[in-house]
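Chains A and B, in that order, are what the protein sequence lines are. The first sequence runs 723 to 1043 under the working numbering. The second sequence runs 723 to 1043 under the working numbering. Glycine residues also receive a C-beta, built at the ideal position from the N, C-alpha and C atoms. This structure is a prediction, so every number in the text was calculated from the model and none was measured. All remarks here apply to the structure that follows.
2 protein chains.
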Amino acid sequence: MRVVVTGGSGFIGSNLTDALLARGDEVVVVDNFSTGRREFLAGAVEQPGFTLVEHDLVEGGDQLEAAIDGSDAVVHLAANADVRFGWDDTRRDLGQNVVATLNVLDAMEATGVERILFSSTGSVYGECDVVPTPETAPFPVQTSLYGASKVAAEAYLGAWAEVGRISATVFRFVSILGPRYTHGHVIDFVAQLTKDPNELRVLGDGTQQKSYLDVSDCVAALTARVSEQPSFEVFNLGVDDRCTVADSIRWITGRMGLRPDVIFGGGDRGWVGDNPLIHLDTTRICSTGWVPVHGIREAVERTVDYLIENQWVLDGHQARR
Amino acid sequence: MRVVVTGGSGFIGSNLTDALLARGDEVVVVDNFSTGRREFLAGAVEQPGFTLVEHDLVEGGDQLEAAIDGSDAVVHLAANADVRFGWDDTRRDLGQNVVATLNVLDAMEATGVERILFSSTGSVYGECDVVPTPETAPFPVQTSLYGASKVAAEAYLGAWAEVGRISATVFRFVSILGPRYTHGHVIDFVAQLTKDPNELRVLGDGTQQKSYLDVSDCVAALTARVSEQPSFEVFNLGVDDRCTVADSIRWITGRMGLRPDVIFGGGDRGWVGDNPLIHLDTTRICSTGWVPVHGIREAVERTVDYLIENQWVLDGHQARR
């Protein structure tokens, strides 16, 4: 089949692209390279079934329609994925996550492509009282512009599916780790420790509890659902487990063979809008036969290994405090 | 206090404006008169505490900031309220309901106004299995672009409140009826019967169950909450009762003294995306001391009386089939 992967030069997108090509699918990557890396597509560009379209989804229009035309499915991963700095520009998430999604839907409508898979986030649950949190959790209150924009995009996908215009699968991801990871606390910590192995500064008090999933397991769930034809379905995607930030620090420093002084910034949240407890109930996705191969600790350690072996990713990383 | 009412020339907005002026508040109406009626502000413009700002909220900017500056609260009612025809222009709800709300929030931020009350809708629950539907209903799937846009706006309000930028109250309205009602099935039916008293054509099979609230009760809830300072709160607003479309037809024709042939279009929904069962759980708003004065039947009959006494509203109404 022919699959469009928006954000295909990013962390998850490039892993998905490689997996789809490996099983014989054609892949059209649509990306503006705002945060993606050309290096991640180095293998893909050698494949005959691969096409790259440089395009900013916020623009939409003819170029996007041409990219999508003739495909069997769109995996829409392109997004502003920065939860923490949403307040730097209060319209960024609206444009990159909502308007971009509506542009994809319009282009699908124009070209007769009906199947879409969408990367949402566990952040949409806000600070839910029900943990592990199922897809049917109570109507949430958002705690970030990122979460708000993903809820909005999910809502539009639901409405489009309701009237029969699309077949949509929404995945609510926990934080994804693993090879090509470029964004989040593990790279922040590894970058800090690479610069100064004796000290690690950490936002919050280390008690925040998070759940992580290895990108290979994430990609396996996406590839398994791409040829399904539901009207509308939502899956949490994570491991049925959680760890504290302090656990994660122990695993990272252990893997690096370091024993730095760890200086906590304090407070039960890393930043305003940080969610102190994320643990998704994955019963629904597991009922489809999907099981994660990697546990949380393994996902963290595979990420550390990748970053150490790929110094250029660390070099390109600018930690923001 | 000084209250900005966006959409203040509309059905609910003009009733709210009159109520606020009557209790001695200053009122600034911001409206672009796209669907509002100048006639509804005929009384308000005579009051010394009243200011009218003609402005399209989709534009935002300096004019909106000037209108909001110095106020104690914004009651943001302006919206595209057409659920049924959202697909005529798939971006209309995004602009008028989401971007307009973000423009209001930006203007509040710029002028230091923190309090906002927002008109959302029971449509955000989609086709919820839990009836009567409480505010904590399961994470919904949207069935209309209108619902999607209201969910999106609610989500942004939640995120803004979470970071302490605003104090927000979200009201999820059932359909509102009563004096100055200009949009929905009661005016469609009365207009049809005024033209031809012998025949009434109805979408769906008459079994759809809906809940209605009289605008005076709606306004009472808004005025009661406007000076509160919660971080973020959500209230369903309706009566704890429902009726079928067939009931409503009986009350309307009875009030008009007519016995027309009623021709049902068939199907359990009036249109694609119509919700066949709306009944909100109002326990939460009732716990604040608010109680609706008018029942559903009374709200329907008061609407019929108003329309018959105000032929000019009927004349301005264009039924869409």
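### Message
Taking only three categories from DSSP, how would you classify residue 858 of chain A?
### Response
Along the first sequence, one-based indexing puts residue 858 of chain A at 136. Three-state result, residue 858 of chain A: coil.
### Task
With 9 Å as the limit, tell me which residues of the region 862 to 874 of chain B have their beta carbon closer than that to any beta carbon of chain A; keep them in chain order.
862, 863, 864, 865, 866, 867, 868, 869, 870, 871, 872, 873, 874
### Query
Could you give the residue range of the alpha helix (DSSP H) that holds residue 837 of chain A?
Here residue 837 of chain A refers to the residue found at position 115 of the first sequence. Note, residue 837 of chain A: premise wrong, no alpha helix (DSSP H); beta strand (DSSP E) at 837 to 843.
### Query
Using a C-beta cutoff of 8 Å, does residue 984 of chain A count as contacting chain B?
The residue you call residue 984 of chain A lines up with position 262 of the first sequence. So no, residue 984 of chain A is outside the interface.
### Query
Of all the CB atoms in chain A, is at least one closer than 8 Å to the CB of residue 1043 of chain B?
In the second sequence, the residue the question calls residue 1043 of chain B occupies position 321. Only weak support exists for where residue 1043 of chain B lies, its pLDDT of 45 falling under 50; the value from the coordinates is given anyway. Taking Cβ atoms only, chain A never reaches closer than 8 Å to residue 1043 of chain B, which makes this a no.
### Query
Can you tell me whether residue 838 of chain A is buried or exposed, with buried defined as 16 or more other CB within 10 angstroms of its CB?
In the first sequence, residue 838 of chain A corresponds to position 116, counting from 1. By the 10 Å Cβ count, residue 838 of chain A comes out buried.
### Message
Any beta carbon from chain A within less than 8 Å of residue 837 of chain B's own beta carbon?
### Response
If you number the second sequence from 1, residue 837 of chain B lands on position 115. No, no contact with chain A.
### Query
What residues in the region 971 to 1003 of chain B bring their beta carbon closer than 9 Å to a beta carbon of chain A?
994, 995
### Query
Can you tell me the Cα-Cα spacing of residue 797 of chain B and residue 835 of chain B, whole angstroms?
For the purposes of this step, residue 797 of chain B is taken as the residue at position 75 of the second sequence. For the purposes of this step, residue 835 of chain B is taken as the residue at position 113 of the second sequence. Cα to Cα, residue 797 of chain B sits roughly 12 Å from residue 835 of chain B.
### Query
Do residue 811 of chain A and residue 776 of chain A have their CB atoms nearer than 8 Å?
In the first sequence, counting from the first residue as 1, residue 811 of chain A sits at position 89. In the first sequence, counting from the first residue as 1, residue 776 of chain A sits at position 54. No. Outside cutoff.
### Message
In this structure, how does DSSP classify residue 1043 of chain B when only helix, strand and coil are distinguished?
### Response
Within the second sequence, residue 1043 of chain B is the residue found at index 321, counting from 1. Because the pLDDT at residue 1043 of chain B is just 45, under 50, the model does not fix this residue reliably, and the point stays unresolved.
### Task
Examine the Cβ distances between the region 902 to 917 of chain B and the region 1022 to 1031 of chain B and report whether three or more of them are shorter than 8 Å.
yes
### Message
Taking 8 Å as the threshold (C-beta atoms), are residue 987 of chain A and residue 924 of chain A in contact?
### Response
Sequence index remark: in the first sequence, residue 924 of chain A carries index 202 (1-based). Sequence index remark: in the first sequence, residue 987 of chain A carries index 265 (1-based). Yes.
### Query
How about residue 905 of chain B and residue 801 of chain B: do their beta carbons lie closer than 8 Å?
Walking along the second sequence from the start, residue 905 of chain B turns up at place 183. Walking along the second sequence from the start, residue 801 of chain B turns up at place 79. Their beta carbons are not under 8 Å apart, which means residue 905 of chain B does not touch residue 801 of chain B by this criterion.
### Query
Helix, strand or coil: which one does DSSP assign to residue 1017 of chain A?
If you number the first sequence from 1, residue 1017 of chain A lands on position 295. Coil.
### Message
So, for residue 856 of chain A: in the same chain, excluding its five sequence neighbours on each side, which residues have a beta-carbon less than 6 Å away from its beta-carbon?
### Response
Here residue 856 of chain A corresponds to residue number 134 of the first sequence, with the count starting at 1. Only 1003 meet the Cβ criterion.
### Task
Report yes if the C-beta distance between residue 897 of chain B and residue 1016 of chain B is below 8 Å; otherwise report no.
Reading the second sequence from its first residue, position 175 is the one you call residue 897 of chain B. Reading the second sequence from its first residue, position 294 is the one you call residue 1016 of chain B. For residue 897 of chain B and residue 1016 of chain B, no; Cβs fall outside 8 Å.
#### Entry: Range covered by the alpha helix (DSSP H) that runs through residue 739 of chain B
The sequence position of residue 739 of chain B within the second sequence is 17, counting from 1. Run containing residue 739 of chain B: 733 to 744, per the alpha helix (DSSP H) assignment.
### Message
Would you call the region 947 to 963 of chain B in contact with the region 1004 to 1012 of chain B, where contact means no fewer than 3 C-beta pairs closer than 8 Å?
### Response
yes
#### Entry: Inter-residue spacing [alpha-carbon to alpha-carbon] between residue 1023 of chain A and residue 936 of chain A
Start at 1 with the first residue of the first sequence, and residue 1023 of chain A comes out as number 301. Start at 1 with the first residue of the first sequence, and residue 936 of chain A comes out as number 214. If I take the Cα positions, the gap works out to 10 Å.
### Query
How about residue 729 of chain A: is its Cβ closer than 7 Å to a heavy atom in the ligand MN?
Only the bare structure without any ligand can be found here, which leaves the ligand MN out of the picture.
### Assumed close pair residue 893 of chain A, residue 959 of chain A - CB separation to whole angstroms, cut-off 8 Å
Working through the first sequence from its first residue, we reach residue 893 of chain A at position 171. Working through the first sequence from its first residue, we reach residue 959 of chain A at position 237. Indeed, because the Cβ distance is near 5 Å, the residues count as touching under 8 Å.
### Task
Name, going along the chain, the residues of the region 880 to 895 of chain A whose beta-carbon falls closer than 9 Å to a beta-carbon of chain B.
880, 881, 882, 883, 884, 885, 886, 887
#### Entry: Proximity winner among A:758, A:842, A:1005, relative to residue 815 of chain A (alpha-carbon distances)
Taking the first sequence and counting its residues from 1, the one referred to as residue 815 of chain A is at position 93. Cα-wise, what sits closest to residue 815 of chain A is A:842.
#### Entry: Run of the beta strand (DSSP E) containing residue 811 of chain A, from where it starts to where it stops
For the purposes of this step, residue 811 of chain A is taken as residue 89 along the first sequence, with counting starting at 1. That residue, residue 811 of chain A, is in no beta strand (DSSP E); it is neither H nor E in DSSP.
#### Entry: Endpoints, beta strand (DSSP E) assigned at residue 798 of chain A
For the purposes of this step, residue 798 of chain A is taken as the residue at position 76 of the first sequence. Per DSSP, residue 798 of chain A belongs to the beta strand (DSSP E) from 795 to 798.
### Query
So, is residue 933 of chain A buried or exposed, given that buried needs 16 or more other C-beta atoms within 10 angstroms?
Residue mapping note: residue 933 of chain A aligns to position 211 of the first sequence, counting from 1. Under this definition residue 933 of chain A is a buried residue.
### Query
Are the C-beta atoms of residue 858 of chain A and some chain B residue less than 8 Å apart?
Position 136 of the first sequence holds residue 858 of chain A. Residue 858 of chain A counts as touching chain B.
### Message
Let's test the definition: count the other Cβ atoms within 10 Å of the Cβ of residue 792 of chain A and tell me whether it reaches 16, buried, or not, exposed.
### Response
Along the first sequence, one-based indexing puts residue 792 of chain A at 70. Classification of residue 792 of chain A: exposed, given that the 10 Å Cβ count is below 16.
#### Entry: Spatial distance of residue 862 of chain A from residue 881 of chain B (CA atoms)
By 1-based counting over the first sequence, the position of residue 862 of chain A is 140. By 1-based counting over the second sequence, the position of residue 881 of chain B is 159. Cα to Cα, the separation comes out at about 11 Å.
### Chain-ordered chain A contacts of residue 724 of chain B [CB-CB under 7 Å]
Here the question's residue 724 of chain B lines up with position 2 in the second sequence. The contacting residues do not exist; residue 724 of chain B stays about 25 Å from chain A at best.
### residue 889 of chain A in three-state terms, based on DSSP
Here residue 889 of chain A corresponds to residue number 167 of the first sequence, with the count starting at 1. Three-state DSSP puts residue 889 of chain A in a strand.
### Query
Taking C-alpha atoms, which residue in A:875, A:891, A:976 lies nearest to residue 813 of chain B?
Position 91 of the second sequence, counting from 1, holds the residue named residue 813 of chain B. Residue 813 of chain B has its Cα closest to that of A:875, out of A:875, A:891, A:976.
### Task
Evaluate residue 975 of chain A with the Cβ neighbour count: other Cβ atoms within 10 Å of its Cβ, from every protein chain shown; 16 or more gives buried, anything less gives exposed.
Against the first sequence, residue 975 of chain A aligns to sequence position 253. Buried, since its Cβ has 16 or more Cβ neighbours within 10 Å.
### Query
Do we get a CB-CB distance below 8 Å when we pair residue 1051 of chain B with the residues of chain A?
The question about residue 1051 of chain B has no answer, for chain B in this structure spans 723 to 1043.
### Query
Leaving out five residues before and five after residue 771 of chain B in sequence, what residues of the same chain have Cβ atoms less than 8 Å from its Cβ?
Counted from its first residue, the second sequence places residue 771 of chain B at position 49. If we look at residue 771 of chain B and ignore the five residues flanking it on each side, its Cβ neighbours are 743, 746, 747, 748, 749.
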